[in-house]
Amino acid sequence: MPESTSTTHRALTKMKGRPQLLIQEMPVGGVNNGDLGKTRIRLDKSAAWKKQRVIVLLPTAEMIAAKVALSHWNLAFPPNNPVARLLAIGMEVGEAYSTAIEQILAHPELSTWEYLLTIESDNMPPADGVLKLLERMEVNPRFSCIGGLYFTKGGRDNPSGCAQLWGDPRDPIPNFRPQLPDPKGGLVEVCGTGMGFNLWRLKMFKDKKLRRPWFVTQKKDGIATQDLYFWSDARKYGYRCAIDCGCKVGHFSVEEDFVY
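Residues in the sequence shown are numbered from 500 upward in steps of one, following the working numbering.
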């Protein structure tokens, strides 16, 4: 740009609150076109160019809290990929998951999709939570399920809930002891996950070796939730799971109007 033109441009742009004449100085084509190699690496990491079709499964009563519903509505999904949302209303939670997945696998179209997102009616994920989990799944093919980080409900004034990071896979003795979250937002491998905000590779449920029904809430020999019932079997056949501590999910208490 000639010196006289540049000087005029600077003078005009300093006229705050007054009409301005601007001369375009940004790179032609925009910032993403400025370095296509770098942009390609970014796009490849998110894998948004692949098929990333997601079935959302939500077991629920007839009503859920408005604040929770708002967080679900705000979820972003991969551009131009289809999303199917399924409600399992009024069913026991273990039965809801097992029955719904059976129906998904029996469906001629949905059975061919890539991912299943389980989300519960008292969990509030971040708007970019699905995209974060998809990116984790694409770069970590060894995991069949990756979930967001949320905590069990505890004391409101004296927090006591533990992170739903169930089990230390480094221990040769099978366990579901709650593990510590990664304060830097990294990925933590566990022996089992909660179901509140999990992304699953749908193909794992086609494995005939896994016992069915997949999810059963145990009420004898102690109490075991349907999620750990599933993982106590799936890990026998080499299936692995992890929690993304950078994907922070709230656990909402309707009674207290409080997020744990």
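Beta carbons are placed, not taken as given, at the ideal position from N, Cα and C, and that holds for glycine.
- Query: Using DSSP with H/G/I as helix, E/B as strand and the rest coil, what is Arg700?
  - Reply: Numbered from 1 along the sequence shown, position 201 holds the residue referred to as residue 700. Correct three-state label for Arg700: strand.
- Gly589 to Tyr596 span [Cα, whole Å]: Residue 589 sits at position 90 when you count from the first residue of the sequence shown. Residue 596 sits at position 97 when you count from the first residue of the sequence shown. Their backbone Cα atoms lie some 12 Å apart in a straight line.
- Can you give me the Cβ contacts of Ala723 inside the same chain, cut-off strictly under 6 Å, excluding the 5 residues immediately before and after it? Within the sequence shown, the letter at position 224 stands for residue 723. If we look at Ala723 and ignore the five residues flanking it on each side, its Cβ neighbours are Gln717.
- Cβ-based neighbour list, Cys661, same chain, cut-off 6 Å, excluding 5 preceding and 5 following: Taking the sequence shown and counting its residues from 1, the one referred to as residue 661 is at position 162. Thr651 and Pro677, listed in sequence order.
- Query: Considering only residues of the same chain and omitting the five flanking positions on each side of Leu557, which have a CB-CB separation below 6 Å?
  - Reply: Your numbering for residue 557 matches position 58 in the sequence shown. Only Leu586 and Ile618 meet the Cβ criterion.
- Query: Is Gln551 buried or exposed, if buried means 16 or more other CB atoms sit within 10 Å of its CB?
  - Reply: Here the question's residue 551 lines up with position 52 in the sequence shown. Classification of Gln551: buried, given that the 10 Å Cβ count is 16 or more.
- Query: Taking the continuous beta strand (DSSP E) assigned at Asp743, which residues delimit it?
  - Reply: As a first step, residue 743 is located in the sequence shown; it is residue number 244 there, counting from the start. Looking at the DSSP string, the run of the beta strand (DSSP E) that includes Asp743 is Cys740 to Lys747.
- Query: Can you list, in chain order, the residues of its chain whose CB lies under 7 Å from that of Gly675, leaving out five sequence neighbours each side?
  - Reply: Position 176 of the sequence shown, counted from the first residue, corresponds to residue 675. It should be pointed out that residue 675 corresponds to Phe in this sequence rather than to Gly. Excluding sequence neighbours, Phe675 sits near Trp665, Gly666, Cys690, Gly691 and Leu727.
- Message: Do Val567 and Phe757 count as a contact pair if the criterion is CB distance below 8 Å?
- Response: Within the sequence shown, residue 757 is the residue found at index 258, counting from 1. Within the sequence shown, residue 567 is the residue found at index 68, counting from 1. Against a cut-off of 8 Å, the Cβ pair of Val567 and Phe757 comes out as no contact.
- Task: Under 7 Å Cβ to Cβ from Glu502, same chain only, skipping five residues before and after it: list those, please.
- Result: If you number the sequence shown from 1, residue 502 lands on position 3. With a pLDDT of 45 at Glu502, under the threshold of 50, the predicted position of this residue should be treated as unreliable, and no value is reported.
- Message: Is it the case that the region 692 to 710 contacts the region 560 to 579, given that we only count it when at least three CB pairs across the two stretches are under 8 Å?
- Response: no
- C-beta contact flag for Ser659 and Thr559 at 8 Å: Walking along the sequence shown from the start, residue 659 turns up at place 160. Walking along the sequence shown from the start, residue 559 turns up at place 60. Taking 8 Å as the Cβ cut-off, Ser659 and Thr559 do not qualify as a contacting pair.
- Query: Per DSSP, what kind of secondary structure is Ser643 in: helix, strand or coil?
  - Reply: For this step, residue 643 is matched to residue 144 along the sequence shown. Coil, per DSSP.
- Message: On the DSSP letters alone, give me the boundaries of the alpha helix (DSSP H) that Arg635 sits inside.
- Response: Indexing the sequence shown from 1 puts residue 635 at position 136. From DSSP, the alpha helix (DSSP H) with Arg635 extends over Gly628 to Val638.
- Message: Tell me the DSSP secondary structure of His750 in three-state form.
- Response: Position 251 of the sequence shown, counted from the start, is the residue given in the question as residue 750. Three-state result, His750: strand.
- Query: In angstroms, rounded to a whole number, what distance separates the CA positions of Ile600 and Ser731?
  - Reply: Here residue 600 is taken as the residue at index 101 of the sequence shown, counted from 1. Here residue 731 is taken as the residue at index 232 of the sequence shown, counted from 1. Computed Cα separation, rounded: 18 Å.
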